[in-house]
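Here is the structure we will look at, set down as structure tokens.
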Amino acid sequence: MPNVKVEKVTKKFGDFTALEDINLSINDGEYVSIIGPSGCGKTTLLRIIAGIIRDYEGHVYVNGELFDDKPLEKRGIGYVFQNIALFPNMNVGGNVSYSPRAKGFNSDMIRSMTLEMLELMKLTERYYDYPIRLSGGMQQKTALARALASGAKLLLLDEPLSLLDLKVRTELRYELRRIVKDLGLTAIHVTHDQEEAMAISDRIIVMRKARIVEEGTPLSLYLRPKKIFTSYFLGESNVLEGKVMEADDRFLKIDVGSIILKAKNTGFQEGEKVVVMIRPEFIQLANDGVEGVVKKKTMEGLFTRLIVDIKDLKITVKQPYWRVHNIDVYSMVKLEFPEEHILVYEYPERGLYSEISLY
Amino acid sequence: MLVTKQESDRLKKGLVTLLDRLSENKTISYLIYLASVIFFFGIILLPSLLGVLLKIGVVQEVFQNTELFEKSISAVFSSILLATLVSVLDVAAGLPLAWLIAKKRYKWISFIDYLTDLPMIIPTVILGYSALMLWCEEAPFSILGFPRISPGFLTVLLLHFSFSYPVVVRVLVGKLMELDATYEIAARVLGASSFTTARTVSIPMIKSGIIASLILSFARSLSETGATIMVAGSFENGPVFIKRSIDAGLVSPMVFVSLMLIFLSVLILLGLRLFGLSLRIPFRRAYRIELVLSSEKVVYARDVLTILVFILFIFIPSSYIVIARLPLVARPDLIKQVFLGEGIWASYWSSVINSYVIGLLATLINVLFSLPMAIIISRRRLGRTFSRILDALSNVSIIMPSVALGVSIGLFWGSSGIPDFFLVLLAHLCITYPYMVATMVSALEDLPVELEEAGRTLGGTPFKVFRSITLPVAKYSFLSGAILTFTRSVNETGATLAVSKTFKTVSVLLVEWVKSPVMRVESGMGTLILMLLSLIFLIVFKYIYSKGGGMVA
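Keeping their order, the protein sequence lines are chains A and B. The first sequence maps to residues -5 to 353 in this note's numbering. The second sequence maps to residues -11 to 541 in this note's numbering.
Next up, the structure:
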């Protein structure tokens, strides 16, 4: 039963720092997602844990055992690749049975391990098909079966769903979690899809520019992110610059330009410069609120997105379709900003832009 | 009159626009394809075969004479046996080196990479002489315990092994570099040792490259004449037998043996293409021995052995003629003579110019005419069957014994009164044509058609799409095709001698010098200069190509 510990890992490619002082601890049986913009180092971290990258500073432990010098073929890790990487010269059965064969198991064991995983992924009927004959979803299922048939208890997934189409992606997402939980595995799942990370994980680790920004359960990161970047990157946010007008024990009044917002006081003083974030789906249409003009309306499936101008301020609002279907562009609306959903942050030293820029 | 850079740029631009516009015209693009097909039949295939086919009547002679018939058959089978052995040995020894080069396991390996081209640069006949000196006459390896060998089957085998080796390494390095590393990583993560990974994943995935290199080394071994005869002793394969018969005034063995060789090798090559691809290495499970073979010590020993084989059987045999004579050659007065072009060195330099002019022209013309041909074959422009037939026929001139090819071309053009320069050029076109076609066909076949279609939908004319999309993508293959064509033209001797007695390329001249016992110093020096020149030429060629994208720009 594996737990993973990453200690002070730093990795440089020439002048470029891919990972800087990463410390991480993953518990046995946990499903953890690592999320961040491309180039943030998340895949590098995964490759270091797998042993694909060997020259780095720091240490990796699995089950308390130091892994730094352990050859990758002896780590007993299941790895699923973004580009799937099924061996084109072998059929589904050949691919799934690869690991037990490569490990030199006897033929009964090879057979039973392969059939068990094929059964689990509902692939038994495709045994003799070559990868080229399979759909993208089927291919990734085969790749997953191949990784699981190695008997690995630790599963590393490198953007495994990113090349699949939306429908298959969502379907496979739940399947992945189910299998990991049923088999009692530990999984580390790298993705840049925040929705995927939220739906699938017990815990999310947010990375940016070679560092870990924040970690927590999906819900805590969604509702109460501690960092501006998390709030900006995970889900969607209105990001406003403001100044504290009034501060008492419980509440703040913050001037964000055209309006004054009321928020809970989490330790700010009058006159302080702050950043205010509020998710578009928490802003309500109300009978008495701040007046604004709808400048744009986009239907996005379940939600409809409104861009509302309040004087100079542009606010994004997301509402279920049925609540806004009769609001037209250029009509007036009144908006309410629930104080419990307004997040207030210290104004970053290096400016707001450098705090939320992806690279 | 000097043309300014601006003017030449404008001229170039004008030409490109003109070609763009012309390529849109259906009639003109058909004319281009037609011209390339006519070129193939009229300049390449017919002259290669006709000389042999015209004399088909004399084959009777062979059937009537039992001794002649038995000798012919045994020569044909010696050829096939030798070629099979050579191609298998080449792949066995070439694959580990290609692996080392492609994976860049050591920093100094790129140096070896350049050295592997050596046997391709040197005239094959010189290579034969060099091998003769090394294995039979001077035998310096006897200090290491290698016995002196007398000319025969073994020396021919060693010779063929070394001159077809670079082609195998070239092809395999290219294939290994194109291989996506993820597959190997996937296999390793799944628990496969490095040996198991190579056996079950990497090697099966470069199978087409292995087949291509088997075919090329097989064909090259089958057709080589000049060098083989130097080290053959009493051993007789097809080409040697043909040459000796012609020298004795007999033409019938040439016709019979050539046709037999073409027929059998087309069968073998076709079989290799058809069944080779469905051949699989079985993988029931990894055995304990594979772990041992993957261990660092064994891998290191394998690397050392690979380099050792390269040095002992490829590098030293090809450069021995220079190495052995280096002390004689390094004389200031000789060097001065050489560079001032005094005495015989004037004829040396003019033969170098002859070779390079012929080589460049042959490369240029073959590029022009073989590109449309490669498109016809790879894109099946003229129907599936006809394209297949064209593909098979385009290989005839590398399978055919070069001495027979020379005789055939000589017979075809001999009485036409064409100046010798053009006769030699025509002969070289025939010999080098398959290299360009074969490399371009395999590159175009690997290239997704969608890429070209995307270019077309974006409004590119056919020529523009080819120039700006197809060629840059197939650049590596185009480069190797051009290098193979050029070097083959420069090192050719047999066919050149067959069509002209007066026009001297540097290879022909050097062969004369090498055979003369009084010109030991000169022939060593001449070979050394040619080696250095060709090396510089290759480096400059690769540099220009990587800088400006060559003619593609």
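Virtual Cβ for every residue (Gly too), placed ideally from N, Cα, C.
Residue i versus residue j - alpha carbon distance
i                      : j                      : result
residue 345 of chain A : residue 89 of chain B  : 50 Å
residue 541 of chain B : residue 343 of chain A : In this prediction, residue 541 of chain B scores a pLDDT of 27, lower than 50, which makes its location untrustworthy; no coordinate-derived value is stated.
residue 22 of chain A  : residue 170 of chain B : 28 Å
residue 334 of chain B : residue 189 of chain B : 56 Å
residue 79 of chain B  : residue 0 of chain A   : 45 Å
residue 538 of chain B : residue 531 of chain B : Bear in mind that the predicted position of residue 538 of chain B carries a pLDDT of just 38, short of 50, making it unreliable; the figure below should be weighed with that in mind. Distance between the alpha carbons of residue 538 of chain B and residue 531 of chain B: 9 Å.
residue 380 of chain B : residue 119 of chain B : 33 Å
residue 58 of chain B  : residue 52 of chain B  : 11 Å
residue 160 of chain A : residue 294 of chain A : 15 Å
residue 135 of chain A : residue 375 of chain B : 40 Å
residue 529 of chain B : residue 523 of chain B : 10 Å
residue 348 of chain B : residue 527 of chain B : 16 Å
residue -11 of chain B : residue 2 of chain B   : At residue -11 of chain B the pLDDT is 44, less than 50, meaning the model places this residue with poor confidence and gives no usable figure here.
residue 54 of chain B  : residue 48 of chain B  : 11 Å
residue 171 of chain A : residue 273 of chain A : 27 Å
residue 431 of chain B : residue 107 of chain A : 41 Å
residue 257 of chain A : residue 247 of chain A : 7 Å
residue 138 of chain B : residue 116 of chain B : 14 Å
residue 91 of chain B  : residue 85 of chain B  : 10 Å
residue 284 of chain B : residue 68 of chain A  : 15 Å
residue 109 of chain A : residue 299 of chain B : 50 Å
residue 13 of chain A  : residue 33 of chain A  : 10 Å
residue 215 of chain A : residue 336 of chain A : 14 Å
Residue(s) in a DSSP beta bridge with residue i
i                      : result
residue 27 of chain A  : A/183, A/198
residue 236 of chain A : A/268
residue 312 of chain A : A/299
residue 73 of chain A  : A/150
residue 60 of chain A  : A/55
residue 241 of chain A : A/246
Continuous beta strand (DSSP E) stretch holding residue i: start and end
i                      : result
residue 326 of chain A : 326 to 330
residue 19 of chain A  : 10 to 20
residue 286 of chain A : 278 to 294
residue 2 of chain A   : -2 to 7
residue 148 of chain B : Element bounds for residue 148 of chain B: not the beta strand (DSSP E) but the alpha helix (DSSP H), 141 to 166.
residue 355 of chain A : Given that chain A is displayed from residue -5 to residue 353, the structure contains no residue 355 of chain A and the question cannot be resolved.
residue 379 of chain B : Run containing residue 379 of chain B: none in the beta strand (DSSP E); it sits in the alpha helix (DSSP H), 372 to 381.
residue 151 of chain A : 148 to 152
residue 432 of chain A : This structure cannot speak to residue 432 of chain A, because chain A is shown only from -5 to 353.
residue 339 of chain A : 337 to 340
residue 210 of chain A : 205 to 210
Residue span of the alpha helix (DSSP H) that contains residue i, given as start and end
i                      : result
residue 40 of chain A  : 36 to 44
residue 500 of chain B : 494 to 503
residue 220 of chain B : First-last for residue 220 of chain B: undefined, no H or E at that position.
Residues near residue i in its chain [Cβ-Cβ closer than 6 Å; skip 5 each side]
i                      : result
residue 31 of chain A  : 352
residue 120 of chain A : 86
residue 30 of chain B  : none
Neighbourhood of residue i by C-beta distance below 8 Å, restricted to the same chain and skipping five residues each side
i                      : result
residue 2 of chain A   : 15, 16, 17, 51, 52, 53
residue 185 of chain B : 172, 175, 176
residue 319 of chain A : 298
residue 265 of chain A : 237, 238
Close Cβ partners of residue i (< 7 Å) along its chain, the five nearest in sequence each way excluded
i                      : result
residue 423 of chain B : 469, 472, 473, 476
residue 340 of chain A : 268
residue 420 of chain B : 350, 354, 473, 476, 477
residue 184 of chain A : 28, 36, 37, 40, 151, 152, 153
residue 36 of chain B  : 384, 385, 388, 393, 396, 397, 418
CB contact below 8 Å: residue i versus chain C
i                      : result
residue 176 of chain B : This model lacks chain C altogether; the protein chains it does include are A and B.
At a cut of 8 Å, does the stretch 24 to 43 of chain B reach the stretch 353 to 370 of chain B through at least three beta carbon pairs? yes
Tell me, please, whether the stretch 166 to 185 of chain B touches the stretch 210 to 221 of chain B by the rule of three or more beta-carbon pairs shorter than 8 Å. no
Taking 8 Å as the threshold, find out whether the stretch 55 to 67 of chain A comes into contact with the stretch 218 to 233 of chain A through three or more Cβ pairs. no
Check whether the stretch 58 to 73 of chain B and the stretch 487 to 495 of chain B touch, using three or more Cβ-Cβ pairs below 8 Å as the test. No, the stretch 58 to 73 of chain B does not touch the stretch 487 to 495 of chain B.
For the stretch 498 to 517 of chain B against the stretch 297 to 311 of chain B, do three or more pairs of beta-carbon atoms, one drawn from each stretch, fall closer than 8 Å, so that the two count as touching? yes
Could you check whether the stretch 131 to 145 of chain A touches the stretch 109 to 120 of chain A, counting it as contact only if at least three pairs of C-beta atoms, one from each stretch, sit closer than 8 Å? yes
Okay, do the stretch 99 to 112 of chain A and the stretch 124 to 133 of chain A touch, 3+ Cβ pairs below 8 Å being the bar? Contact between the stretch 99 to 112 of chain A and the stretch 124 to 133 of chain A is absent, because fewer than three Cβ pairs lie under 8 Å.
Contact between the stretch 35 to 45 of chain A and the stretch 68 to 87 of chain A: three or more CB pairs below 8 Å? Counting Cβ pairs under 8 Å, three or more are found: they touch.
With contact counted as at least three CB pairs below 8 Å, one residue from each stretch, are the stretch 318 to 333 of chain B and the stretch 126 to 140 of chain B in contact? no
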